[in-house]
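Peer 1:
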Amino acid sequence: MDASLLNIQPTASEPIYRQIVEQLRRLIAGGQLEHGELLPSVRDVAGFHAINPMTVSRAYGIAESEGLVERLRGKGMAVIAMRKAAQSESQRLALLEPQLQELARHAHELELPAAPVLRRLTKLLGE
Amino acid sequence: MNAMLRETESAIVPLAVSGLVHCYEGSNALNGIDLALEPGSVLGLIGRNGAGKSTLIRAMLGLLEPLAGEARVFGEPALQLSDAAKARIAYVPQQPEALAWLTAQQMLDFVGRFYPRWDKAFVTNTLGRWRIQPNKLLAKLSPGERQRVDLIRALASQPELLVLDEPAAALDPVARRELLREVALRAGESGTTVLFSTHIVSDLERVASEVAFLHQGKLLMRCSVDETKERYARLWLPGKMSAAAPTQSLSRRRHDDGSLSLVVERDASGHWPEAASLPGARVDALGLEDLFVEIAE
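Going down the list, the protein sequences come from chains E and L.
FYI, the working numbering numbers position 92 of the first sequence as 256, with every residue one higher than the one before it.
FYI, the working numbering numbers position 131 of the second sequence as 139, with every residue one higher than the one before it.
1) I'd like to know if the segment 235–254 of chain L and the segment 165–180 of chain E are in contact, where contact means that at least 3 CB-CB pairs between them fall below 8 angstroms.
2) Report the three-state DSSP secondary structure of Arg-125 of chain L (helix, strand or coil).
3) Going by beta-carbon coordinates alone, are Ala-147 of chain L and Trp-109 of chain L separated by less than 8 angstroms?
4) Output yes if chain L places a C-beta closer than 8 angstroms to the C-beta of Ala-210 of chain E; else output no.
5) Helix or strand or just coil, what does DSSP make of Phe-118 of chain L?
6) Can you confirm whether Ser-168 of chain E, when its beta carbon is compared against all beta carbons of chain L, has any partner nearer than 8 angstroms?
7) Tell me the DSSP secondary structure of Val-6 of chain L in three-state form.
8) Would you report the Cα separation of Ser-205 of chain L and Asn-57 of chain L, rounded to the nearest angstrom?
9) Please check the pair Leu-232 of chain E and Arg-189 of chain E, which I expect to be a contact at CB under 8 angstroms, by giving their CB distance rounded to whole angstroms.
10) To the nearest whole angstrom, what separates the beta carbons of Ser-285 of chain L and Val-272 of chain L, a pair I think is in contact under 8 angstroms?
11) For Glu-73 of chain L and Lys-61 of chain L, what's the separation of their Cα atoms in angstroms?
12) Would you call Asp-158 of chain L buried or exposed, if buried means 16 or more other Cβ atoms sit within 10 Å of its Cβ?
13) Taking C-beta pairs closer than 9 angstroms, name the residues in chain E that Val-182 of chain L reaches, listed in chain order.
14) Under the three-state reduction of DSSP, which class applies to His-294 of chain E: helix, strand or coil?
15) Could you compute how far the alpha carbon of Arg-156 of chain L sits from the alpha carbon of Glu-174 of chain L?
16) Let's see if you can read the secondary structure: which residues bound the beta strand (DSSP E) around Ile-309 of chain L?
17) Within 8 angstroms (strictly less), CB to CB, does Glu-168 of chain L reach chain E?
18) Count the other CB atoms, across all protein chains shown, that sit within 10 Å of the CB of Pro-85 of chain L; report buried if there are 16 or more and exposed otherwise.
19) Does any C-beta atom of chain E lie closer than 8 angstroms to the C-beta of Ser-18 of chain L?
20) My output table needs one value for Ile-54 of chain L: the three-state DSSP class, helix, strand or coil.
21) Using three-state DSSP, classify Phe-221 of chain L as helix, strand or coil.
22) Helix, strand or coil, according to DSSP, for Thr-175 of chain E in the structure here?
23) Inspect the beta-carbon positions of Asn-216 of chain E and Val-50 of chain L and report whether they are closer than 8 angstroms.
24) Grab me the residues of Asp-265 of chain L's own chain with a C-beta within less than 7 angstroms of its C-beta, minus the 5 sequence neighbours each way, in chain order.
25) For the candidate residues L:Pro-47, L:Gly-52 and L:Leu-28, whose alpha-carbon lies nearest to that of Ile-41 of chain L?
26) State the start and end residues of the unbroken beta strand (DSSP E) segment that holds Ser-205 of chain L.
27) What does Asp-234 of chain L touch in chain E if you count any residue whose Cβ is under 9 angstroms from its own?
28) Do you know offhand how far Val-281 of chain E's Cα is from Ser-221 of chain E's?
29) Compute the Euclidean distance between the alpha carbons of Ser-277 of chain L and Ser-168 of chain E, then round it to the nearest angstrom.
30) Nearest to Ala-214 of chain E by CA position, among E:Ile-172, E:Gln-196 and E:Arg-283, is which residue?
31) Please identify the residue among L:Leu-53, L:Ser-26, L:Val-25 and L:Leu-38 whose C-alpha is closest to the C-alpha of Ser-217 of chain L.
32) When the distance is taken between beta carbons, is Ala-37 of chain L closer than 8 angstroms to His-30 of chain L?
33) Grouping DSSP H, G and I as helix and E and B as strand, with all else coil, what is Arg-80 of chain L?
34) For Ser-217 of chain L, go through chain E and note every residue whose CB falls closer than 7 angstroms to its CB, in chain order.
35) In the DSSP output, which residue or residues are listed as bridge partners for Arg-230 of chain L?
36) Whole angstroms is fine: what's the gap from Arg-189 of chain L's alpha carbon to Glu-305 of chain L's?
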């Protein structure tokens, strides 16, 4: 994996370390990062994006504690990929959480009751 | 042995001030500032023009004598720094003026002799990349070029403490990114402690580990960049609900239509104030720039 694969928005309200973890989650869940693939070094990511190396270390640490990557001695961080089927439903649902919260917030602002929103969503999901 | 030496050194706080007060012609420039930097941290100082950023930096380094308060650099009183302590510091003022009768190359050659870890290759490379003519007199350079030469001087000395006053002003976006990269990597890998003031908040969001807001001579807030984004938000309440507004907020603005904007903080268990969950209320996540605008207005 190349450091340029990450997209860092320093001005976003989401802290940079979270942007990195979130993107790793997606890249791994989406299969763009395969099992065993090495993450770029902390230095490479920090240098490429001109961000503080401690921020990158923090993100890698969280990814490691979530079981997304593992630390290989002398090599760096390697992806532990799970095939989509191997991920539980709740893990996959967790990836949608930010969008669901955003949707709920909008519905709330528009003072829409839950029922019509859910009907429409069910239809969009094709069920 | 070397590692041990470094460890005892790093136990000393590189930069610390307490109770700093200073005035210019009757107006308060600094109004009781306490601030300390941990070794290896990158502190970004934000503030509006005239907030007292340059005065604070100069007082922290002992370049001006404050009316009251104390400043220490590597544990020594800032106003009586030893040569050994000075050799570990690099400071780039907003408008460097020293040694103007020399050419850029002459100045860098001259100054380099005083620093044991002077990086000559860095000087040569960076002069070229930042498009400085080495044989031009410093006095003939534009203010931007002049500050770039001074940044090269500061970085080439490989300081343990790097202090930059508005470094972004002199650099185009490409050179600015390069400077940020240098600052970030040096802090992360060599443990350089960095203090820089800026009004370009996105620069600070990239490399700073901590941020301090200076407003009218006072520190309004000092915390980690990640924390500012996670802990604070703007709560907007329509006019008819303004009675429900929490009494505790960092700032409070009433708009023309009667609605209210408040900067609120999560409580110990991570919840926003109660008013945030009322129908019609809205909580907006804030970037650093928005946060600054909200509390500095």
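The beta-carbon is built from N, C-alpha and C at its ideal position, and this holds for glycine as well.
Peer 2: Reading off the structure:
1) Taking a contact to require three or more Cβ pairs closer than 8 angstroms, the segment 235–254 of chain L and the segment 165–180 of chain E qualify as touching.
2) Here Arg-125 of chain L sits in coil by DSSP.
3) In this structure, Trp-109 of chain L lies closer than 8 angstroms to Ala-147 of chain L by Cβ.
4) It does: the Cβ of Ala-210 of chain E has a partner Cβ on chain L nearer than 8 angstroms.
5) Here Phe-118 of chain L sits in helix by DSSP.
6) For Ser-168 of chain E, no Cβ of chain L is located within less than 8 angstroms of the residue's own Cβ.
7) This structure cannot speak to residue 6 of chain L, because chain L is shown only from 9 to 305.
8) Between Ser-205 of chain L and Asn-57 of chain L, the alpha-carbon positions lie close to 11 angstroms from each other.
9) By a beta-carbon distance limit of 8 angstroms, Leu-232 of chain E contacts Arg-189 of chain E. Their separation comes to about 6 angstroms.
10) About 12 angstroms separates the two Cβ atoms, so there is no contact after all.
11) Between Glu-73 of chain L and Lys-61 of chain L, the C-alpha separation is close to 15 angstroms.
12) Buried: at least 16 other Cβ atoms inside 10 Å.
13) Going along chain E, no residue has its Cβ under 9 angstroms from Val-182 of chain L, so there is no contact; the nearest lies around 11 angstroms.
14) Absent from the structure is residue 294 of chain E, since the part of chain E shown begins at 165 and ends at 291.
15) Roughly 12 angstroms between the two C-alpha positions.
16) There is no way to answer for residue 309 of chain L, as the model of chain L reaches only from 9 to 305.
17) By this cut-off, Glu-168 of chain L is not an interface position.
18) Exposed, by the Cβ-count rule.
19) The predicted model places Ser-18 of chain L with a pLDDT of 44, which falls under 50 and marks its position as unreliable; any figure quoted below should be read in that light. Closer than 8 angstroms: no.
20) Ile-54 of chain L falls in the strand class under three-state DSSP.
21) Strand at Phe-221 of chain L.
22) It is coil, neither helix nor strand.
23) In this structure, Val-50 of chain L lies closer than 8 angstroms to Asn-216 of chain E by Cβ.
24) So the qualifying residues of the chain are Gly-247.
25) That would be L:Leu-28, whose Cα lies nearest to the Cα of Ile-41 of chain L.
26) Its beta strand (DSSP E) spans residues 201–206.
27) Within 9 angstroms Cβ-Cβ: Pro-179, Ile-180, Tyr-181, Arg-182, Thr-219 and Arg-222.
28) Spanning the alpha carbons of Val-281 of chain E and Ser-221 of chain E requires a straight line of approximately 41 angstroms.
29) Spanning the two alpha carbons is a distance of roughly 37 angstroms.
30) Ranking E:Ile-172, E:Gln-196 and E:Arg-283 by Cα distance to Ala-214 of chain E puts E:Ile-172 first.
31) Its Cα nearest to that of Ser-217 of chain L, the residue L:Leu-53 stands out among L:Leu-53, L:Ser-26, L:Val-25 and L:Leu-38.
32) At a Cβ-Cβ threshold of 8 angstroms, His-30 of chain L and Ala-37 of chain L count as neighbours.
33) Strand at Arg-80 of chain L.
34) Per Cβ cutoff of 7 angstroms: Asn-216 and Met-218.
35) DSSP output for Arg-230 of chain L lists L:Ala-220 as bridge partner(s).
36) Answer to the nearest angstrom: the Cα atoms are 32 angstroms apart.
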